[in-house]
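Residue numbers (the working numbering), protein chains in the order written: chain A, 60 to 383; chain B, 60 to 383. Think of the CB as a built atom: it goes at the ideal place given N, C-alpha and C, for glycine as much as any other residue. A quick note: this is a predicted structure, and the numbers were derived from the prediction, not measured.
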């Protein structure tokens, strides 16, 4: 009763920001993402009568903190929902090829891989859609990491609010450059950040409406293979998400000085005819969307403007994979 | 036919951001401000048959640019509205004791002083309210600079959208520290910035609603002499104003890296028990609201965190004054 799964993280181009149901993790708006080849999590789950306790190892280290509790709770939730109450103790080994909690949603690949490995270790076979529903109960963004290419997570109820493939093998020439200026754990976790915003921001309702419209524009851009439209909508949607936080009570922001420098640098590149756009999750590190021909020019310019930043390049990644 | 007026600039605690009528400068929401003693404009206007052309001198230099055109247009508008079409040519001498266009609304004191000096030079006497209406046609924020202490500019029509005194001699112990990190002219003038936002921001309607609610809270805070409430509402209102710009299409911001450092510094001061709040106009320079006992601690800490910033201190200033 042992299985290993690999899930890739994803970057939301239409953001998920706020739950209408905390317990079931049901979002107020549908979101859309690009699965990334360069960032992934490998997770092995083993149920074994010989084990005397549940254990979680992250990057080869035994972990016994809140994160471990979240992992254990997720596995228990899965076994309960799948009516397998009498399983033995388990061990989980997880290797994160994602900078943890620096705004590159390691929880998306983490909970997608954990869910898939757990279900397979139990000897069951579920569709990606069914796995996505289970992954959602661990982390909302994980719903999209079951799928490659462009994926969407729909708002809905416990059964319908799942991920789906928009285009698993997109034709679009699309690359992401993650500009990492701060690799510290973020000060405001996205869970509490979005919840404060749902409860207090005067702009939250307008955000939900805008996200709906942006999603329509984004799916159109994908269908038309229109990079410029995709970039513009992604950038504007991300900034509108961050705007809701400024209008929360009290106001808060994930922006840091280097975030603004990176945003300004993208604007300068555009002014010089290099087409690129940015998006930003609940953290300070900007991610740039661009196309093959511009990657080198962007890296060179960023090395000049933000010499301390590390730049990690990615393009489309695959959906869930089973390594054993 | 010569007169000199002094008007003090003001800092909006409930922001003005967007016009429902461009021609008459009628705002979507009422705003509220603190008139500041440390920043003012002295303006002399003289109508003289001996003059062969209209001239504008700013800080002792003859100016012949867009700003001069705006000054000339404003005087012509006043003489037309007051039915004095046959006045001779005029000269205007203006001295700005305000860092120009660095986010400290020099146009508020500028157009208030220009309006008052022009009307007096014409030999007329108008109420502050009538002067405020005329000043509005030059610059919206100038409506509030006719009044000292706390002043409000009401939304309304051409005759009712004027400034009024909320409390010309407030009891509140309230000081402003302007943190000047960038004295360059701002890249996006507030006029075009707010207009882009009115036309494209998904959050604009919600901003207008929020500004109404914030205004009620602010007038309550003033009546109750409640500095903490005043500070909290001012900070949140300013951030909500800036949030509308992030949601404009395309997104834009007045934030600069030093703006975020200054915001973070205020947060650190609060974490250390030093009560202070910030506000921000359409520029990068943060303004801190605080009380007497905390001024030195704030200055000392800012000198450490932002050593290159200059800090200018202000408290309540008076309404319009005639120097001759």
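- At a cut-off of 9 Å, the C-beta of residue 306 of chain B has a neighbouring C-beta in chain A.
- For residue 298 of chain A, the chain B residues whose Cβ falls inside 7 Å of its Cβ are 305, 306 and 310, in order along the chain.
- Around the beta carbon of residue 343 of chain B, 16 or more other beta carbons lie within 10 angstroms, which makes this residue buried.
- With a threshold of 9 Å between beta carbons, residue 266 of chain A makes contact with chain B.
- Chain order gives the chain B residues near residue 320 of chain A as 316, where near means a beta carbon separation below 7 Å.
- Counting along the chain, residue 92 of chain A sits inside the beta strand (DSSP E) bounded by residues 90-106.
- Using beta-carbon distances, residue 302 of chain A counts as an interface residue toward chain B, with a partner under 9 Å.
- In terms of beta-carbon proximity, residue 294 of chain A lines the interface with chain B, with at least one pair separated by less than 9 Å.
- Taken in chain order, the complete beta strand (DSSP E) segments of 3 residues or longer contained in the segment 207-233 of chain B are 209-212 and 222-226.
- Measuring C-alpha to C-alpha distances from residue 74 of chain B to each of B:212, B:141, B:318 and B:317 identifies B:212 as the nearest.
- Distances from the CA of residue 361 of chain B to each of B:177, B:206, B:291 and B:236 were compared; the closest alpha carbon is that of B:236.
- Exposure of residue 140 of chain A is indicated by the presence of fewer than 16 other C-beta atoms within 10 angstroms of its C-beta.
- A straight line joining the alpha-carbon of residue 323 of chain B with that of residue 176 of chain A spans about 42 Å.
- At least 9 Å separates the beta-carbon of residue 199 of chain A from that of residue 93 of chain A.
- In terms of beta-carbon proximity, residue 272 of chain A lines the interface with chain B, with at least one pair separated by less than 9 Å.
- Per DSSP, reduced to three states, the secondary structure at residue 314 of chain B is coil, with no helix or strand assignment.
- Ranked by Cα distance from residue 356 of chain B, the first of B:376, B:335, B:82 and B:245 is B:335.
- In the displayed model, residue 369 of chain B falls within a strand according to three-state DSSP.
- The shortest C-alpha to C-alpha distance from residue 99 of chain A to any of A:332, A:349, A:168 and A:239 is the one to A:168.
- Collapsing the DSSP output to three states places residue 76 of chain B in coil.
- Taking C-beta separations shorter than 6 Å and ignoring five residues to either side along the sequence, the partners of residue 195 of chain A in its chain run 84 and 202, following chain order.
- The beta-carbon distance between residue 88 of chain A and residue 270 of chain A, rounded to whole angstroms, is 4 Å. This is short enough to meet the 8 Å contact definition.
- Scanning chain B for C-beta atoms nearer than 8 Å to the C-beta of residue 373 of chain A yields nothing, as the closest lies near 23 Å away.
- In the DSSP assignment, residue 156 of chain B falls outside any alpha helix (DSSP H) and within the unbroken beta strand (DSSP E) covering 149-156.
- Taken through DSSP and simplified to helix, strand or coil, residue 245 of chain A comes out as coil.
- At a Cβ-Cβ threshold of 9 Å, residue 297 of chain A and residue 240 of chain A do not count as neighbours.
- Assigned with DSSP and collapsed to three states, residue 185 of chain A falls in coil, not helix or strand.
- Of the other Cβ atoms in all chains shown, fewer than 16 fall within 10 Å of the Cβ of residue 383 of chain A; this residue is therefore exposed.
- The segment 277-289 of chain A makes no contact with the segment 312-319 of chain A: fewer than 3 CB pairs, one atom from each, lie closer than 8 Å.
- In the structure shown, the three-state DSSP call for residue 113 of chain B is coil.
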